[in-house]
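Trainee: Can you read through this structure? Questions will come right after.
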Amino acid sequence: MHARRRSTSLPPNDAPYQPIPQEVYSPDFAHAIPSTVLETELDVEEAEGAVLSDPILPHPVDNQVRWIHFVLGCAVLLPWNVMITATPYFLSRLEGSPMRRAFSSYLSTSFTFANFFFLAHATATSKKASSSKQVQWATLTLAILTLLLTLSTYVTLPPSLFFPFVIVNAIAQAGAGSYLQTSVVAIASLFGPATMQAVMSGQAAVAIVVSSVQVISASASLRTSSAPAAAIAGNGDTEARSAFIFFALSTMFLVATAGANVWLTRMPAFRAIVAPAAGDEPHYARARSLSVDQSERRPLVSDAADLSASGKSRILRIAKKNVLYELAVAYVFVITLSVFPPLTISVQPTNPNTSPLIFSSIHFLVFSCGDFLGRHLCSYPRLLIWSAKRLGTLSLLRTLFIPLFLACNIQRDPGMPAGASTPLIGSDVLFMLILLVFGVSNGYVSSLCMMSAGSLEHNRRLEGRKEDVDIAATVASFCLVGGLVLGSVMSFGVRAAVCGCNPFTA
């Protein structure tokens, strides 16, 4: 009865969300703020950071459910990390090919373009597919594709065949990963914010795990090498042994992830919360009215009828209001993908006794640790920034990393003048420090943008409309992927600045 008495004072457009307790939108608070304040960009910026009302407290989630979603989160970003971390192996198989120098740019561009378009299709058809079944087939598909990469270490293909093999494999992994991502997010959102946080943590942690495995496997391959001098110079057999260990472990992890998903679907919590939502509308309606406890687990999921009523106009309206957040998060990854890894992988150790294979593996690990640290910093309230203008400024400042990396010991074209190949930054430690800060800024700024875009408490552009939260987050995520695509394309321009040549062939 208490919930009914409160619902009589809510505005009409909030009616579908009356059963949810602890409303984050207070009508008394809304009347206290003039409408001109909500519509004025300057006033909105000044008001950012203020809480609209008491936030919804996260409901406790079963630890088994959270850990399974942590594993699923790892699997979501595993394809991308597998491809970029194995770059030294791919380059060793392209020795003597004109495509070798530009391979990293081709790889990142093809992967991100495929990811962008497959993600668009997966999002548009998400309501027509079973999320649990989609997770299963996508995970097994990724396992098969990674197994093919594992087997490639035993087969020596000419560069003219190996190059398209890797690119096609990357596109296929991007496609399967896109459907896996939409399904995992859909299931996690039904369990509530605690489970969604587990997915995000898994996405951040997988890069560290993958990079660590690569460093360990690279070190093991060097220890077993019968020609240490050749290993230091970058022997192709050494990279192949390292890649075999790395790909094999990734394949086993994906198979284990598929098993974890089967375990999840057999849990009572899954059958009570997720399974009804995958059926017809009457079952979904009954699932929403089972209890207040279950409704709290789905605080950010809008009704299908509401989404279909004015979908395009709502998306455009929200996209315009959040344009600063969207541009900021996109530009973060424009800068990141334009130099990492196409440019950073070209930085060679200044110490001649350091193996380039170990150096490149450590460089991936350093960036991954920085990215994870940047995301972790967002868990401290004092370090949170909600202002769209400030986040946009931080995003733009990351442009300074491009000349810093260009000043490092980059492997340039032998035909360039000697003065052009002399690095301004000749310290390996300083390069790794710059790379660490680069990773921290990537994780920190991008996470803040994603958190702010869909925050009812701090983003007044949403005007307290809970039904706009999921759309705001979806649009921001598409802008993030768009930034990845644009950054991959820009990597060709950065490559041209380094070699002074045609970046598509040299």
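Whatever position you read off the sequence shown (first residue = 1), add 1 for this note's numbering.
Heads up, the beta-carbon is just placed ideally off N, CA and C, and yes, glycines get one too.
Count the other C-beta atoms from every protein chain shown that fall within 10 angstroms of the C-beta of proline 269, then say buried if there are 16 or more, exposed otherwise.
Mentor: As a first step, residue 269 must be located in the sequence shown, where it is residue number 268. It is exposed - the Cβ of proline 269 has fewer than 16 other Cβ atoms within 10 Å.
Trainee: With contact counted as at least three CB pairs below 8 Å, one residue from each stretch, are the segment 421-440 and the segment 399-406 in contact?
Mentor: Judged by Cβ distances under 8 Å, the segment 421-440 makes contact with the segment 399-406, as three or more pairs qualify.
Trainee: Roughly how many angstroms lie between the CA atoms of phenylalanine 114 and proline 159, to the nearest whole one?
Mentor: Here residue 114 refers to the residue found at position 113 when the sequence shown is read from its first residue. Here residue 159 refers to the residue found at position 158 when the sequence shown is read from its first residue. Taking the straight line joining both Cα atoms gives about 26 Å.
Trainee: Could you compute how far the alpha carbon of arginine 224 sits from the alpha carbon of histidine 364?
Mentor: Position 223 of the sequence shown, counted from the start, is the residue given in the question as residue 224. Position 363 of the sequence shown, counted from the start, is the residue given in the question as residue 364. For arginine 224 and histidine 364, the distance between alpha carbons rounds to 20 Å.
Trainee: Is the beta carbon of threonine 126 less than 9 Å from the beta carbon of alanine 177?
Mentor: On the sequence shown, residue 126 is found 125 positions in, with the first residue counted as 1. On the sequence shown, residue 177 is found 176 positions in, with the first residue counted as 1. It is not a contact, given that the beta carbons lie outside the stated cut-off.
Trainee: When the Cα atoms are used, what is the spatial distance from tyrosine 180 to leucine 120?
Mentor: Counting from one through the sequence shown, the residue named residue 180 turns up at place 179. Counting from one through the sequence shown, the residue named residue 120 turns up at place 119. C-alpha separation (whole angstroms): 7 Å.
Trainee: With three or more beta-carbon pairs closer than 8 Å as the criterion, would you say the segment 440-453 touches the segment 392-401?
Mentor: Yes: the two stretches touch, three or more of their Cβ pairs being nearer than 8 Å.
Trainee: Return the first residue and the last residue of the alpha helix (DSSP H) that threonine 337 is part of.
Mentor: Translated into the one-based positions of the sequence shown, residue 337 becomes position 336. Threonine 337 -> alpha helix (DSSP H) spans 324-340.
Trainee: Within 9 Å (strictly less), CB to CB, does isoleucine 316 reach chain E?
Mentor: The structure shown has no chain E; it contains just one protein chain.
Trainee: State buried or exposed for isoleucine 188, treating a residue as buried only when at least 16 other CB atoms are found within 10 Å of its CB.
Mentor: For the purposes of this step, residue 188 is taken as residue 187 along the sequence shown, with counting starting at 1. By the neighbour-count rule (16 or more Cβ atoms within 10 Å), isoleucine 188 is buried.
Trainee: Would threonine 239 and serine 222 qualify as a contact pair, given that the criterion is a beta-carbon distance under 9 Å?
Mentor: Within the sequence shown, the letter at position 238 stands for residue 239. Within the sequence shown, the letter at position 221 stands for residue 222. Against a cut-off of 9 Å, the Cβ pair of serine 222 and threonine 239 comes out as a contact.
Trainee: For valine 333 versus glycine 484, is the C-beta distance shorter than 9 Å?
Mentor: As a first step, residue 333 must be located in the sequence shown, where it is residue number 332. As a first step, residue 484 must be located in the sequence shown, where it is residue number 483. It is a contact, given that the beta carbons lie within the stated cut-off.
Trainee: Would valine 324 pass as a contact of glycine 488 if the rule is Cβ separation under 9 Å?
Mentor: Taking the sequence shown and counting its residues from 1, one reaches residue 324 at position 323. Taking the sequence shown and counting its residues from 1, one reaches residue 488 at position 487. Not a contact, by the Cβ cut-off of 9 Å.
Trainee: Within this structure, are the beta carbons of threonine 211 and asparagine 82 separated by less than 9 Å?
Mentor: Position 210 of the sequence shown holds residue 211. Position 81 of the sequence shown holds residue 82. Reading off the sequence shown, one finds valine at residue 211, where the question assumed threonine. For valine 211 and asparagine 82, yes; Cβs fall inside 9 Å.
Trainee: How would you write the range of the alpha helix (DSSP H) that proline 80 sits in, first residue to last?
Mentor: Numbered from 1 along the sequence shown, position 79 holds the residue referred to as residue 80. Unbroken alpha helix (DSSP H) run through proline 80: 64-86.
Trainee: Restricting to Cα atoms, I'd like to know which of Val186, Ser153 and Leu481 is closest to asparagine 170.
Mentor: Stepping through the sequence shown from its first residue, residue 170 is reached at position 169. Selected option, being the one with the closest Cα: Ser153.
Trainee: Verify whether the separation of the beta carbon atoms of asparagine 410 and isoleucine 426 is less than 9 Å.
Mentor: Residue numbering aside, residue 410 sits at position 409 when the sequence shown is read from its first letter. Residue numbering aside, residue 426 sits at position 425 when the sequence shown is read from its first letter. Going by C-beta atoms, asparagine 410 is nearer than 9 Å to isoleucine 426.
Trainee: At a cut of 8 Å, does the segment 67-78 reach the segment 199-207 through at least three beta carbon pairs?
Mentor: Yes: at least three Cβ pairs fall under 8 Å.
Trainee: Between which two residues does the alpha helix (DSSP H) harbouring alanine 408 extend?
Mentor: The residue given as residue 408 occupies position 407 in the sequence shown. Neither: alanine 408 is in no alpha helix (DSSP H) and is coded neither H nor E.
Trainee: Pair every Cβ in the segment 142-151 with every Cβ in the segment 94-112, then say whether three or more of these pairs are closer than 8 Å.
Mentor: No, the segment 142-151 is not in contact with the segment 94-112.
Trainee: Any chance you could list the beta strand (DSSP E) runs of at least 3 consecutive residues sitting entirely within the segment 134-214, in chain order?
Mentor: Entirely contained in the segment 134-214, not one beta strand (DSSP E) run reaches 3 residues.
Trainee: Within 10 Å of its beta-carbon, does valine 263 have 16 or more other beta-carbons around it, so buried, or fewer, so exposed?
Mentor: Numbered from 1 along the sequence shown, position 262 holds the residue referred to as residue 263. It counts as exposed.
Trainee: What distance in whole Å lies between the Cβ atoms of leucine 73 and threonine 351, which are believed to be in contact at a cut-off of 8 Å?
Mentor: Along the sequence shown, read from residue 1 onward, the residue named residue 351 stands at position 350. Along the sequence shown, read from residue 1 onward, the residue named residue 73 stands at position 72. Not quite, the Cβ-Cβ distance comes to about 41 Å (not below 8 Å), so this is no contact.
Trainee: Looking only at DSSP bridge pairs, what is valine 348 linked to?
Mentor: On the sequence shown, residue 348 is found 347 positions in, with the first residue counted as 1. Bridge partners of valine 348: Ile411.
Trainee: Which residue from Phe118, Thr86, Ala249 and Leu265 puts its Cα closest to that of alanine 133?
Mentor: In the sequence shown, the residue the question calls residue 133 occupies position 132. Rather than alanine, the amino acid found at residue 133 in this sequence is serine. It is Leu265 whose Cα lies nearest to the Cα of serine 133.
Trainee: Quick check on glycine 501: does DSSP put it in helix, strand or coil?
Mentor: Within the sequence shown, residue 501 is the residue found at index 500, counting from 1. Glycine 501 falls in the coil class under three-state DSSP.
Trainee: Straight-line CA distance for alanine 175 to proline 80?
Mentor: As a first step, residue 175 must be located in the sequence shown, where it is residue number 174. As a first step, residue 80 must be located in the sequence shown, where it is residue number 79. If I take the Cα positions, the gap works out to 7 Å.
Trainee: Nearest CA to the CA of valine 348: which residue from Ser111, Arg496 and Asn503?
Mentor: Numbered from 1 along the sequence shown, position 347 holds the residue referred to as residue 348. Out of Ser111, Arg496 and Asn503, Arg496 has the C-alpha closest to the C-alpha of valine 348.
Trainee: So the alpha helix (DSSP H) cysteine 370 belongs to, where does it begin and stop?
Mentor: In the sequence shown, residue 370 corresponds to position 369, counting from 1. Looking at the DSSP string, the run of the alpha helix (DSSP H) that includes cysteine 370 is 357-378.
Trainee: To the nearest angstrom, report how far apart methionine 452 and phenylalanine 117 are at their CA atoms.
Mentor: One-based indexing of the sequence shown puts residue 452 at position 451. One-based indexing of the sequence shown puts residue 117 at position 116. Cα to Cα, the separation comes out at about 21 Å.
Trainee: Which one of Phe192, Val486 and Thr183 has the shortest CA to CA distance from phenylalanine 341?
Mentor: As a working note, residue 341 is residue 340 in the sequence shown. Among Phe192, Val486 and Thr183, the Cα nearest to that of phenylalanine 341 is on Val486.
Trainee: To the nearest angstrom, how far is the alpha carbon of cysteine 502 from that of histidine 377?
Mentor: The residue you call residue 502 lines up with position 501 of the sequence shown. The residue you call residue 377 lines up with position 376 of the sequence shown. Roughly 40 Å between the two C-alpha positions.
Trainee: Helix, strand or coil for tryptophan 387, going by three-state DSSP, please let me know.
Mentor: The residue given as residue 387 occupies position 386 in the sequence shown. DSSP places tryptophan 387 in coil when its eight states are reduced to three.
Trainee: Near glutamate 40, what residues of its chain come up, given a Cβ to Cβ distance below 7 Å and the 5 sequence neighbours on each side ignored?
Mentor: Counting from 1 along the sequence shown, the entry for residue 40 is found at position 39. Model confidence at glutamate 40 stands at a pLDDT of 45, short of 50, so the residue's coordinates are unreliable; what they give is reported in the following sentence. Correct list: empty, nothing qualifies.
Trainee: Expressed to the nearest angstrom, what Euclidean distance is found between the alpha-carbon atoms of threonine 157 and leucine 150?
Mentor: Counting from one through the sequence shown, the residue named residue 157 turns up at place 156. Counting from one through the sequence shown, the residue named residue 150 turns up at place 149. Approximately 12 Å between the Cα atoms of the pair.
Trainee: Given this structure, state the Cα-to-Cα distance separating alanine 87 from valine 185, to the nearest angstrom.
Mentor: Indexing the sequence shown from 1 puts residue 87 at position 86. Indexing the sequence shown from 1 puts residue 185 at position 184. One C-alpha to the other measures close to 25 Å.
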